[in-house]
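Per my numbering, the sequence shown starts with residue -10, numbered consecutively. We put the beta carbon where it would ideally sit given N, CA and C, even for glycine. Single-structure report; data block below.
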Amino acid sequence: MVWLAAVRTLSIAFLVSAACVAGAACGGGRGGNITNLPLRWQGVDVPPRPSGSVARALATSPLAFGLRDLRESPSAVGRYADNGFVVQTTDNVGQYCTDRIGAILVGAGAHLEPGAPTTLEIELLDYFVVEGGSFEGSVRMRTTLRRGADAVWTKTYAGSSKRWGRTHNPDNFNEALSSSLAEASQQLLRDEEFARTLGEPPSTGPLLQPGSAPQHPGSSGG
């Protein structure tokens, strides 16, 4: 799990990271195979914005935030559809996505505080681009709210993006990844269930599974 510990650093999180130098840092890119893709935040002109209810919940409920990268191949971020070549990165994808999503949350009004009573955990399930006739990005992330050790809410979001552009262009890969991550984050920031659960006062008890009924004091389970 990668935890976002220093909230004060998030003011620079949307700045574009160091660019590829003369194309060589990307292992080519102008028609050649991309042997290393430095991850950059590109093509997202407007950051994700929260709904009114999510903004209010974020403003009143401090959060601890961490992300775990559960993808099978942590360095793989893309593939060429014509020959199966896998585009990889030497960057830490988990740390990169922690910083990006953390910046999005802070921009939406969240107060990220290590040790807060409520924790937002994200498991990164997919972060990938397939280059065929276009650049098709996909991001999936499973989000869980915890109070103490109890999971009180969980949901999976999927973002996607489709771009046209020059063959084997690192910018097109990064734009597809950035837009897909932004879309998945936007879904979280517009989710009314997330807002209601985050805004509820802390209570005991684990997450209820779909179809299960809460047990009330004095009731019998059978």
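Met130 sits buried, since 16 or more C-beta atoms from the chains shown fall within 10 Å of its C-beta. Your pair Leu187 and Ala46 checks out as a contact, with CB atoms roughly 4 Å apart and the cut at 8 Å. Here DSSP, grouped into helix, strand and coil, assigns Gln77 to strand. Per DSSP, reduced to three states, the secondary structure at Ala48 is helical. Listed in chain order, the non-local C-beta contacts of Asn163 below 6 Å within the same chain comprise Arg29 and Gln31, local neighbours out to five positions each way being set aside. DSSP places Glu120 inside the beta strand (DSSP E), whose first and last residues are Thr107 to Glu120. With a contact defined as Cβ atoms closer than 8 Å, Glu102 and Ala53 qualify at about 7 Å. Straight across, the Cα-Cα distance linking Pro37 with Pro190 is about 26 Å. Counting along the chain, no beta strand (DSSP E) covers Ser40, and no H or E run does either. Shortest Cα-Cα distance from Ala171 to any of Phe183, Gly91, Gly148 and Trp153 involves Gly148. Around Ser123, the same chain offers Lys151, Arg152 and Trp153 as residues with beta carbons nearer than 7 Å, after the five sequence neighbours per side are excluded.
DSSP places Glu125 inside the beta strand (DSSP E), whose first and last residues are Phe124 to Arg136.
Using a Cβ distance threshold of 8 Å, Val128 and Ala92 do not count as a contacting pair.
Taking the Cα of Thr145 as reference, the smallest distance to any Cα among Val66, Ser50, Ala99 and Leu109 is reached at Leu109. Following the DSSP letters along the chain, one finds Gly32 in no alpha helix (DSSP H), marked with neither H nor E. Taking 8 Å as the cut-off, the Cβ atoms of Leu114 and Leu166 do not count as close.
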